[in-house]
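Participant: 17 is the number that UniProt numbering gives to position 17 of the sequence shown; each next residue is one higher, with no gaps.
We put the beta carbon where it would ideally sit given N, CA and C, even for glycine.
The structure is given below, and queries will be raised subsequently.
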Amino acid sequence: MLTEIQKKIATAPKDFEIENTYTNGLREPTIESRTSEHKRKGKRNKKSDKDAIKPIDAQVTYSGNSVVTIATFGTNTTTYQMNYTGDWSQHKKCLMPCNPKYPDPCKSLPDDNCTCLIRKNFRSTGTCASLSAVPGNKDYKRPKKGVIERK
C-alpha cells in the first residue's frame, strides 16, 4: 500500500521534477531541471558593494555613570543601531557586530585596518574594531598583534 507522500510523488507531473546532482566538496553543486537545458549554480552570487553592511556612525554618550557608544551601521536602504559599553569612538570606521567564524566583512571594510574582536564571555559573537586603537572595554579578546594593551 502506498503512503500519502508516495501517491503525491507518483501522480506529480514530470515537468516539475528537479534533480539535484551530488558532488563532493571540490565542485559547486548544480540544480538541473529535466525539462530545461539551463543550469543554475547552487551558490548565490556575492552581494555587490551597495548591499554590503558597513559602519555609518558612532556617537559616545553617557547613561547614568557609564559611557555608551551608539554604533549605526547598515546598507544604503536599511540601518541598524547597537549600543557598546565604553568609548569606542576610535573604531568609528569599523564599529559593527561580526561573527568571529566569518571575519571577512570586517577585513573587507574600506579602512583596511579592521578585525573581528571576540568577546571573552561570549565567544560566538564579536565586534569589528580597528587594529590600531584600544578596545572600548575589557570584554573583548585582543588579536595576537597590532593592539596596544589597555591600562
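Taking one C-beta from the segment 80-89 and one from the segment 126-143 each time, how about it: are there three or more such pairs within less than 8 Å?
Facilitator: They touch, by the three-pair rule.
Participant: Counting along the chain, where does the alpha helix (DSSP H) carrying C94 start and finish?
Facilitator: Neither: C94 is in no alpha helix (DSSP H) and is coded neither H nor E.
Participant: DSSP three-state call for P105: helix, strand or coil?
Facilitator: Looking at P105 - three-state DSSP - the assignment turns out to be helix.
Participant: So I118 packs on Y102, CB below 8 Å; how close in whole Å?
Facilitator: That belief does not hold up - the Cβ atoms of I118 and Y102 are roughly 12 Å apart, past 8 Å.
Participant: Near D57, which residues of its chain fall below 6 Å by C-beta distance, leaving aside the five closest residues on each side in sequence?
Facilitator: Cβ within range, chain order: T72.
Participant: Look at the Cβ atom of L95, then the Cβ atom of T75, and state whether they are nearer than 9 Å.
Facilitator: Their beta carbons are not under 9 Å apart, which means L95 does not touch T75 by this criterion.
Participant: State buried or exposed for P29, treating a residue as buried only when at least 16 other CB atoms are found within 10 Å of its CB.
Facilitator: Bear in mind that a pLDDT of 48 at P29, under 50, signals an unreliable position, so the number given afterwards is only what the model happens to contain. Exposed, since its Cβ has fewer than 16 Cβ neighbours within 10 Å.
Participant: Which of helix, strand or coil does DSSP assign to D57?
Facilitator: Reduced to three states, the DSSP call for D57 is strand.
Participant: Spatial neighbours of K54 within its chain, please: C-beta separation below 7 Å, excluding the five flanking residues on both sides.
Facilitator: If we look at K54 and ignore the five residues flanking it on each side, its Cβ neighbours are F73, L109.
Participant: Of the residues L131, P105, P97, which one's Cα is nearest the Cα of residue 152?
Facilitator: The structure shown has nothing for residue 152, since the chain only spans 1 to 151.
Participant: I'd like the list of long-range same chain contacts for D51, defined as Cβ closer than 7 Å, with 5 residues on each side in sequence excluded.
Facilitator: Excluding residues within five positions, the ones whose Cβ falls inside 7 Å are T75.
Participant: A129: which of Q81, D112, Y62 sits nearest, CA to CA?
Facilitator: Closest option to A129, Cα to Cα, is D112.
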